[in-house]
Each structure stands twice: as structure tokens, then as C-alpha cells.
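**Q** Would you mind keeping the following structure in view while I ask a few things?
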Amino acid sequence: MEPITKTELGLPLIHKGKVREMYQYGEDKILMVATDRISAFDVVFNEGIPYKGAVLSTLSNFWFDKTQHIIANHIITTEMPENLPTYLEGRAVIVTKAKPLKIEVIVRGYLTGSGLKDYKKTGMVCGIKLPEGMKDGDKFPEPLFTPSTKAQEGHDRNITEVEAAEIIGQEKLDFVKKKCIELYAFGHEYLLSKGLILADTKFEFGELPSGEMVLIDEVLTPDSSRYWPMDKYAQGELVSLDKQYLRNYLETLDWDKTYPPPKLPKDVVENISNLYLGVYEKITGEKFLTK
Ligand SMILES: Nc1ncnc2c1ncn2[C@@H]1O[C@H](COP(=O)(O)OP(=O)(O)O)[C@@H](O)[C@H]1O
Ligand SMILES: [Mg+2]
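The working numbering numbers the first residue of the sequence shown as 5 and each following residue consecutively.
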């Protein structure tokens, strides 16, 4: 099947993100469609990744379901109404429209990525002091809760908990932090049982008109998380089964990480598609049905 990089559904489009398209659906609902677009360093690539949107959406549904005992989420239904195109099946959900919190929150269990860069420079990750001598892939004594701004344009910026509290208020921050740590712990333990290490992951929360705070967007997917195979990790090797694979490839190019994006070679596109399908199967224990 050809990758889907844009949709036109004849419904009011309220937001077009890097990956998702959000259509108004009734008064207080959104039809959230995950396309096959991929971005890195906040630049969207021209090539779509076959099945990616469906993998992200179906995997998020899996996790939304599994984490309901920790926190409620925005899903209303994963079934598509009959009057919508069938290609949406598996890649779209109907969700409650929420007011997204103005921060994003990352939980990091292991030192890597931008955290590693920060640590090498400052001995800290997002302002949190850490033991000396840590190296790429080392586990933190405790998972770190590291908020960032949610930029409309351009890059998110890491902020301290004090700054985050100034943006959303201390009470909401305390709630979100507690839930994030529980969600990470749950995901980490679950994935260990599947032979995967959850190195870090990003969550987004939204507020309902009732004031209830719920989990929105996507959860514990290869776009929002880093996962490493445990057997390789035990041998001292960090193998990326997620979007980090693309970032690693891009580091080999002479590209300044600003628009326009370089063309992604066919084999890179195929490898990412296979990584995402593979990780879906590892996590859910079910074959991803590619039609
Ligand atoms: N239930 C919801 N209500 C309102 N906004 C949502 C909901 N779920 C997700 N969103 C927002 O919709 C957008 C999803 O599109 P995405 O492509 O992931 O955007 P981004 O480029 O910001 O990553 C995000 O801005 C996210 O915060
Ligand atoms: Mg997003």
C-alpha cells in the first residue's frame, strides 16, 4: 500500500501537526488521523513510511487500554463510522477534544540522546544533578521527570520543574509528574517482559471541560519513545528500534537539520517501516496485518 502523507476528509481541519491531522467531529470531538509522515529535528520529510501511521495509532490504542488504571485518556472509539474512507481503519480514532497542557513531559530512565549531551556539558540533565562518570545508555538511579515547552513553531525547550509550575501551576504539575512516573514504570516493566528496555518516553496531557486531566495524543510509541533490545543492551550495545534510527542515519549526512529535508533513500524508508512493524509485533505479541 502507498504511504498516506495527507488526508482530505471534507471535515473541518482544526490542526495539522507534523504527523497527525485533527478534524472537528461533532461539537466536542476530534477525528485524529495518524498519517505516514515522519519528522526529525522538527522537520517533516517528503517520504511517507509505509504503515507507520497505523502502527502508531494501533499501538497507542493498545497502551491507552492497558494504562486506564493509572489515568483516563481521550479515546472515545477506535471504530470508524461507515461514512468515512476505509483507509482510515487502524490509523484514526475519535477522541474527546481536550485543552492540551502547555508543556510536554518526558520521563527518562536511561542517559542518552539530548540528555547525554546536556550531561557531558553540565553534569546535569535538565538541571538535575547526576552521579559522575555516567556513559551513554546508563540507567539513572531514579527515572527523571523532565518537562519541556510545547512550541507551536520550532523546537521545544527543556525547562525546570519551577518553570513548568509557572506555566501550568504547581497543582497540575504535581499531578502530571505523579502520573508520568507511574506510566513510565508500567511501560518499563511491561516492555522488559517483552525483551525491550524503555529508555525514555514523552507524554502529553489535556484538560477536559470538566477539569479532568487525561492522557492525549500518542502513548509509548516508537515516535515518542526510545526502546532498546535487552539482549544487545546486556552486551553493551544500544540498538534503536524507534525514530532514533532515523536521527542516527541523518547524523551521517552533511545536513544542517533545518528545512528543506534531505531525500530519504528507499532502503532507509523500508528499514524504518520494518522497525516499526517489528516493534509493534514484539510489544503486542500480534502480527500487524499489512493489507
Ligand atoms: N484529545 C486531544 N485534544 C486536543 N488536542 C490534541 C488531542 N490529542 C492530541 N492533540 C494535539 O494534536 C496534535 C497532534 O498532532 P502531531 O502531529 O502529533 O503534532 P506535533 O507536530 O505537535 O507533534 C498535537 O499538537 C497534540 O497536542
Ligand atoms: Mg506529536
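Glycine included, each C-beta is placed from N, C-alpha and C at the ideal position. Only a predicted model underlies this, so the values are computations on that prediction, with no experimental measurement involved.
#1: Determine whether the beta carbon atoms of Arg95 and Thr62 lie at a separation below 9 Å.
#2: Could you check what DSSP says for Gly113 in three-state terms: helix, strand or coil?
#3: Going by DSSP, name the residue or residues bridged to Ser228.
#4: When the Cα atoms are used, what is the spatial distance from Ile98 to Val180?
#5: Looking at Phe144 and Leu177, is the spacing between their C-beta atoms short of 9 Å?
#6: Where do the ends of the alpha helix (DSSP H) carrying Ala238 lie?
#7: With a 10 Å radius around its C-beta and 16 neighbouring C-beta atoms as the bar for buried, classify Glu222 as buried or exposed.
#8: Roughly how many angstroms separate the alpha carbons of Phe209 and His73, rounded to a whole number?
#9: Looking only at its own chain, which residues have a Cβ that is under 7 Å from the Cβ of Glu285, when we skip the five neighbours before and after it?
#10: Going straight from the alpha carbon of Ala189 to that of Val48, what length do you get?
#11: Do three or more CB pairs link the region 79-90 to the region 200-208 at distances below 8 Å?
#12: Here's the rule I'm using: 16 or more other beta-carbon atoms within 10 Å means buried, otherwise exposed. How should Asn278 be labelled?
#13: Could you check the C-alpha separation between Gly137 and Gly240 for me, to the nearest Å?
#14: With DSSP collapsed to three states, give me the class of Thr71.
#15: Which of the three DSSP states is assigned to Phe207 in this structure?
#16: What residue range does the beta strand (DSSP E) around Lys247 cover?
#17: Closer than 8 Å to a non-hydrogen atom of ligand 1 - does that hold for the CB of Ile220?
#18: Tell me the DSSP secondary structure of Ala168 in three-state form.
#19: With a 10 Å radius around its C-beta and 16 neighbouring C-beta atoms as the bar for buried, classify Arg230 as buried or exposed.
#20: Flag this pair as yes or no: are the beta carbons of Phe45 and Leu254 separated by less than 9 Å?
#21: Return the bridge partner residues of Lys28 from the DSSP annotation.
#22: What first and last residue would you give for the beta strand (DSSP E) that runs through Lys20?
#23: By DSSP, does Ala96 sit in helix, in strand, or in coil?
#24: For Val273, report the span of its alpha helix (DSSP H) as first-last.
#25: Helix or strand or just coil, what does DSSP make of Ser152?
**A** In short:
#1: Here residue 95 corresponds to residue number 91 of the sequence shown, with the count starting at 1. Here residue 62 corresponds to residue number 58 of the sequence shown, with the count starting at 1. Yes, the Cβ-Cβ distance between Arg95 and Thr62 is below 9 Å.
#2: Locating residue 113 in the sequence shown gives position 109, counting from the first residue. Correct three-state label for Gly113: strand.
#3: Residue numbering aside, residue 228 sits at position 224 when the sequence shown is read from its first letter. In the DSSP output, where bridge partners are listed per residue, Ser228 has none listed.
#4: Translated into the one-based positions of the sequence shown, residue 98 becomes position 94. Translated into the one-based positions of the sequence shown, residue 180 becomes position 176. Going from the Cα of Ile98 to the Cα of Val180 covers about 23 Å.
#5: Locating residue 177 in the sequence shown gives position 173, where the first residue counts as 1. Locating residue 144 in the sequence shown gives position 140, where the first residue counts as 1. With contacts defined as CB atoms closer than 9 Å, Leu177 and Phe144 fail to qualify as a contacting pair.
#6: Stepping through the sequence shown from its first residue, residue 238 is reached at position 234. Residue range 234-238 is occupied by the alpha helix (DSSP H) that includes Ala238.
#7: Against the sequence shown, residue 222 aligns to sequence position 218. Looking at its Cβ environment, which holds 16 or more other Cβ atoms inside 10 Å, Glu222 is buried.
#8: Within the sequence shown, numbered from 1, the residue matching residue 209 stands at position 205. Within the sequence shown, numbered from 1, the residue matching residue 73 stands at position 69. Near 16 Å, if we compare the C-alpha coordinates of His73 and Phe209.
#9: Here the question's residue 285 lines up with position 281 in the sequence shown. Closer than 7 Å at Cβ, skipping near neighbours: Lys291, Phe292.
#10: Against the sequence shown, residue 189 aligns to sequence position 185. Against the sequence shown, residue 48 aligns to sequence position 44. Taking the straight line joining both Cα atoms gives about 31 Å.
#11: no
#12: Residue mapping note: residue 278 aligns to position 274 of the sequence shown, counting from 1. Classification of Asn278: exposed, given that the 10 Å Cβ count is below 16.
#13: The residue labelled residue 137 in the question sits at position 133 within the sequence shown. The residue labelled residue 240 in the question sits at position 236 within the sequence shown. One C-alpha to the other measures close to 16 Å.
#14: Your numbering for residue 71 matches position 67 in the sequence shown. Residue state, collapsed to three classes: coil.
#15: By 1-based counting over the sequence shown, the position of residue 207 is 203. Looking at Phe207 - three-state DSSP - the assignment turns out to be strand.
#16: On the sequence shown, position 243 is the one that residue 247 refers to. It is not in any beta strand (DSSP E) - Lys247 carries neither H nor E in the DSSP assignment.
#17: As a working note, residue 220 is residue 216 in the sequence shown. Yes - ligand 1 has a heavy atom lying nearer than 8 Å to the Cβ of Ile220.
#18: Taking the first residue of the sequence shown as 1, we reach residue 168 at position 164. Under the three-state reduction of DSSP, Ala168 is assigned to helix.
#19: Locating residue 230 in the sequence shown gives position 226, counting from the first residue. The residue is buried, with at least 16 neighbouring Cβ atoms inside 10 Å.
#20: As a first step, residue 45 is located in the sequence shown; it is residue number 41 there, counting from the start. As a first step, residue 254 is located in the sequence shown; it is residue number 250 there, counting from the start. A contact, by the Cβ cut-off of 9 Å.
#21: Start at 1 with the first residue of the sequence shown, and residue 28 comes out as number 24. One point to set straight first is that residue 28 is Gln, not Lys, in the sequence displayed. For Gln28, which the question treats as bridged, DSSP gives the partners Ile34.
#22: Indexing the sequence shown from 1 puts residue 20 at position 16. Element bounds for Lys20: 17-20.
#23: Position 92 of the sequence shown, counting from 1, holds the residue named residue 96. Strand, per DSSP.
#24: The residue labelled residue 273 in the question sits at position 269 within the sequence shown. Looking at the DSSP string, the run of the alpha helix (DSSP H) that includes Val273 is 270-288.
#25: Within the sequence shown, residue 152 is the residue found at index 148, counting from 1. Reduced to three states, the DSSP call for Ser152 is strand.
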